[in-house]
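For reference, the structure discussed in these notes is given below.
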Amino acid sequence: MEEIGSKYPDYLTTADVAEWLRISEARVFTMCKQCQFPYIRLSKRRIRYPKQAIIAYMDARGQGEGVNN
């Protein structure tokens with residue numbers, strides 16, 4: 063398994079975002095298509111999400127408490 067923290071410390075995986083937002087990974091992809099938060103595509107199947115953008119998204123919806131930066 064890839065160690066994402068060492069290579070891309072400021073980015074989250076789809077699984078991380080799904081866990082933080084308490085939604086399914088499929089819903090994360092849908093939200094990206096709807097431009098609700100930014101992402102970068104590393105390859106055809108590898109997508110990463112800026113950690114600060116996800117935290118800002120959570121704060122805007124009142125879900126930000128308890129998230130460690």
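Under my numbering, the first residue of the sequence shown carries the number 63, and numbering increases by one thereafter.
Backbone N, C-alpha and C fix where the C-beta goes; we use that ideal spot for every residue, glycine too.
Original post:
Taking the alpha-carbon positions, what's the Ile116 to Lys69 distance?
Top reply: Looking up residue 116 in the sequence shown gives position 54. Looking up residue 69 in the sequence shown gives position 7. So the alpha carbons of these two residues sit roughly 19 Å apart.
**OP:** Per DSSP, which residues does Leu104 bridge with? Please list them.
**Re:** Mapped onto the sequence shown, residue 104 falls at position 42. Paired residues: none, contrary to the question.
Original post:
What is the C-beta distance between Gln98 and Tyr119, in whole angstroms, given that I count them as a contact (C-beta under 8 Å)?
Top reply: Locating residue 98 in the sequence shown gives position 36, counting from the first residue. Locating residue 119 in the sequence shown gives position 57, counting from the first residue. With 8 Å as the limit, Gln98 and Tyr119 qualify as a contact, their Cβ atoms being about 7 Å apart.
**OP:** Assign Arg110 to buried or exposed, taking buried as 16 or more other Cβ atoms, counted over all protein chains shown, within 10 Å of its Cβ.
**Re:** Counting from 1 along the sequence shown, the entry for residue 110 is found at position 48. Looking at its Cβ environment, which holds 16 or more other Cβ atoms inside 10 Å, Arg110 is buried.
Subject >> Alpha-carbon spacing of Glu81 relative to Glu87, whole angstroms >> reply: Here the question's residue 81 lines up with position 19 in the sequence shown. Here the question's residue 87 lines up with position 25 in the sequence shown. Taking the straight line from one Cα to the other gives about 9 Å.
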